[in-house]
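In our numbering, the protein residues as written are 2 to 366.
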């Protein structure tokens with residue numbers, strides 16, 4: 002990736018391609034006639050592989066509607082339209098490397114609808130939990146992006162030669178997040194065994210820094226991607242946050258990293274973040290920064306100060322101010338962390354408690 006880019010971070014791969022929102026609107030019968038004609042020509046005459054794959058992956062939510070004056074005849078025709086992408090039968094169990102779209106209807110651990118989003122997007126499974134699609138099964142996924150011109154070694158992994166989606170795509174290593182398995186929607190294929198090994202090796206190298214420094218456009222794109230997929234973690238927070246039944250137990254993978262001297266100004270690519278709680282006011286996360294493992298509290302706007310109360314393994318602990326609106330405390334070092342760590346506390350009006358087990362990533366797993 003070059004150090005300078007001319008593309009707006011909201012754009013997709015080519016100037017003549019269409020965004021996922023435009024393709025979704027086309028799919029449900031929206032857009033004015035001229036734009037619909039352009040997209041039809043692009044998909045069916047130009048046969049753009051990238052947009053045909055994207056068209057097959059974006060799924061409208063059940064509540065999504067086209068314009069009010071859309072004729073019933075057009076609606077019936079759209080419903081009969083065969084999908085452009087391949088369809089697969091859902092496998093009996095979840096496995097690492099599988100690609101699924103996320104459901105546009107987001108539910109909590111009890112199966113109760115808590116949020117609707119405009120479209121479904123693809124993710125790849127990197128931790129399968131118990132291997133089923135139950136709503137109380139917490140898995141870890143990495144979002145997929147078709148913005149391949151944003152590929153940056155150390156932060157993303159390019160899947161090209163053996164793409165199960167028939168078009169190159171990026172795995173956003175920086176954007177790994179937990180979600181409830183019940184919020185998966187449709188199975189869309191799986192990475193090859195070779196690419197799965199590449200993925201886990203890339204996750205290990207994620208903390209080793211980058212060979213190319215990002216520009217402002219890349220950073221803007223990255224921040225947008227992280228914010229866009231935060232909704233996947235909200236039901237996980239609901240299942241774990243303040244849980245009174247002892248289900249607030251997490252297993253967090255750690256990258257095996259040789260101890261190094263303390264470094265100033267850590268780059269984002271040197272961090273691996275595992276969100277515990279994400280609210281409109283703050284985010285509480287476990288962060289691996291090279292060989293250190295931190296508990297970090299970040300406020301989105303107003304600085305609320307350190308936690309009102311915090312204990313680690315039942316001992317009182319204090320967070321220090323690491324930056325404006327950011328507080329953290331050291332949990333330990335990668336090579337020394339073992340067993341369980343119990344974290345409990347209160348931030349603003351929210352109380353939390355977690356039991357965390359740390360596990361080093363095995364690239365052959």
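Note that CB positions come from ideal geometry on N, CA and C, so glycine has one too.
Bounds of any beta strand (DSSP E) do not take in residue 39; it lies within the alpha helix (DSSP H) bounded by 34 to 45.
Shown here, residue 29 sits in coil according to DSSP, grouped into three states, outside any helix or strand.
For residue 346, the beta-bridge partners assigned by DSSP are 311 and 353. For residue 231, there is no enclosing beta strand (DSSP E), as DSSP gives it neither H nor E. Counting only the Cα atoms, residue 347 lies some 6 Å from residue 309. With a minimum length of 4 residues, there is no unbroken run of alpha helix (DSSP H) contained wholly in the region 96 to 162. A Cβ-Cβ separation of about 11 Å leaves residue 298 out of contact with residue 353 under the 8 Å criterion. Distance check between residue 142 and each of 102, 55 and 318 places 102 closest, using alpha-carbon atoms only.
Per DSSP, reduced to three states, the secondary structure at residue 299 is strand. Annotation: the continuous alpha helix (DSSP H) that includes residue 203 extends over 194 to 206.
In terms of Cβ geometry, residue 276 and residue 234 form a close pair [threshold 8 Å].
As a beta-bridge residue in DSSP terms, residue 185 pairs with 103. Apart from sequence neighbours up to five positions away, the residues of its chain that approach residue 23 with a beta-carbon distance below 8 Å are 32, 36 and 40, ordered along the chain. In the DSSP assignment, residue 56 falls outside any beta strand (DSSP E) and within the unbroken alpha helix (DSSP H) covering 50 to 58.
In this structure residue 175 is in contact with residue 223, their Cβ atoms being roughly 6 Å apart against a cut-off of 8 Å. DSSP, read as helix, strand or coil, puts residue 219 in helix. In the assembly as shown, residue 337 is an exposed residue. Its beta-carbon has fewer than 16 other beta-carbons within 10 Å. Distance from the CA of residue 317 to the CA of residue 342, rounded to the nearest whole angstrom, comes to 13 Å. Taken atom to atom, the span from the alpha-carbon of residue 94 to that of residue 319 is near 42 Å. The residue from 295, 314 and 345 with its alpha-carbon nearest to that of residue 321 is 295.
Just measuring C-alpha positions, the residue of 300, 332, 230 and 324 sitting nearest residue 349 is 300. The continuous beta strand (DSSP E) containing residue 327 extends over residues 327 to 334. The three-state reading of DSSP puts residue 19 in coil, since its state is none of H, G, I, E or B.
With fewer than three CB-CB distances shorter than 8 Å, the region 192 to 200 does not count as touching the region 131 to 140.
Going by DSSP, residue 254 is part of the beta strand (DSSP E) stretching over 250 to 255. A direct Cα-Cα distance of roughly 5 Å separates residue 313 from residue 344.
Taking a cut-off of 8 Å for Cβ pairs, the region 49 to 57 and the region 166 to 181 touch, as three or more such pairs fall below it. No Cβ-Cβ contact shorter than 8 Å links residue 153 with residue 229.
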